[in-house]
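Sequence order for the protein chains is R and Y.
FYI, the numbering for the first sequence is 2 to 66, going by the working numbering.
FYI, the numbering for the second sequence is 529 to 697, going by the working numbering.
Glycine residues also receive a C-beta, built at the ideal position from the N, C-alpha and C atoms.
Heads up, the thing below is written out as structure tokens.
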Amino acid sequence: MTTLVKTEIPDQLWQQAQNMVEQGWIVNMDALIIEAMRRYLESHQQIINEQLIREDIDWGLHGKD
Amino acid sequence: MEKTKTIVIADAGPIIHLDELNSLELISDFDIVIVPETVWHEVQHHRPQALLHTKVNLIRHRAEYFSPQVNALTPFYTLHAGEQEALHLCLEFKNSLFLTDDTAAKLAAKNLGVTAHGTLGVLVRAIRQQTRSKSEVLELLRAIPTQTSLHIRAAFLAEIISDVEKNAK
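Structural data, given as structure tokens:
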């Protein structure tokens, strides 16, 4: 199942993405957008975010600098 | 309070969020606080008054060394221009501390062996550095949802506050 989305993308960003497709780095623009979104979601997961903040608090409480 | 010798490379998030809490001076005990050129522009756009703070000497600096490691990690972590420049500077200034509130930027920093912390760490550190009392820091933590643009899950913030209440001396 998929969802069709409509969005505005800055021209420069779109051009860069098109260049990547034209150079053969990725099969087409749909695949590029899906991959970009997947990577964004992977790297911004709540559990990771909160683990990093816990490490931050630990540094705040017990760090040396 | 003894001055630390750590060089700080600051991303826009902590500068903006600390300033929103009227607490930007909490990073003034670091000898050098570098703001990458791209980050400077971001802060100038979103919170220009932070750059005029009288008690914090923010040094505007453009990266001159561009690490292939950072370039390689950029698409993987979808790093913004400011985060990229900050990480380039972190590799240029060895043993520097990267201040960022962005999860992907923190993960990229870990990957590069760069120490990274964020706004909450700086706030809690103020108790250890004796620049703020425990009750003052707890008050700042409670003010995050209403006074800042830093997004944090309410229940998680409550956990952090409880942790600090229990463990801060």
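**Message:** Counting only Cβ pairs nearer than 8 angstroms, list the residues of chain R close to Lys634 of chain Y.
**Reply:** Leu53
**Message:** By the 9 angstroms beta-carbon criterion, what residues does the region 599 to 627 of chain Y contribute toward chain R?
**Reply:** Pro603, Phe604, Tyr605, Thr606, Leu625
**Request:** Output, in sequence order along the chain, the residues in the region 14 to 31 of chain R whose CB is closer than 9 angstroms to any CB in chain Y.
**Result:** none
**Asked** According to DSSP, is Glu687 of chain Y helix, strand or coil?
**Response** Of the three classes helix, strand and coil, the one that applies to Glu687 of chain Y here is helix, per DSSP.
**Asked** Given that a residue counts as buried once 16 or more other Cβ atoms are within 10 Å of its Cβ, and exposed if not, what is Asp629 of chain Y?
**Response** buried
**Request:** Give me whichever residues DSSP pairs with Ile537 of chain Y in a beta bridge.
**Result:** DSSP lists Y:Ile562, Y:Phe626 as the bridge partner or partners of Ile537 of chain Y.
**Prompt:** Which residues in the same chain as Thr534 of chain Y place their Cβ atom closer than 6 angstroms to its Cβ, once the five residues preceding and following it in sequence are excluded?
**Reply:** Phe558, Leu625
**Request:** Run the CB neighbour count on Leu5 of chain R, radius 10 Å, all protein chains shown included, and call it buried at 16 or more, exposed below.
**Result:** exposed
**Prompt:** chain R beta carbons: is any one of them nearer than 8 angstroms to that of Lys531 of chain Y?
**Reply:** Residue placement at Lys531 of chain Y is flagged as unreliable, the pLDDT there being 48, under the threshold of 50; a coordinate-derived value is accordingly withheld.
**Request:** Give a yes or no on contact between the region 21 to 41 of chain R and the region 608 to 625 of chain Y, applying the rule of three or more CB pairs nearer than 8 angstroms.
**Result:** no
**Request:** Give the residues from the region 651 to 663 of chain Y that approach chain R closer than 9 angstroms (Cβ to any Cβ), ordered along the chain.
**Result:** Leu651, Val652, Arg653, Ala654, Ile655, Arg656
**Prompt:** What is the DSSP secondary structure of Leu586 of chain Y, reduced to helix, strand or coil?
**Reply:** strand
**Request:** May I have the straight-line CA-CA distance separating Lys65 of chain R from Thr643 of chain Y, to the nearest angstrom?
**Result:** Cα to Cα, Lys65 of chain R sits roughly 13 angstroms from Thr643 of chain Y.
**Asked** Any residues in the region 666 to 697 of chain Y with a beta carbon nearer than 8 angstroms to a beta carbon of chain R? Which ones, in chain order?
**Response** Cβ contacts with chain R: Ile680, Arg681, Phe684, Ile688, Asp691, Val692, Asn695, Ala696.
**Request:** May I have the straight-line CA-CA distance separating His679 of chain Y from Phe594 of chain Y, to the nearest angstrom?
**Result:** Cα-Cα distance, rounded: 31 angstroms.
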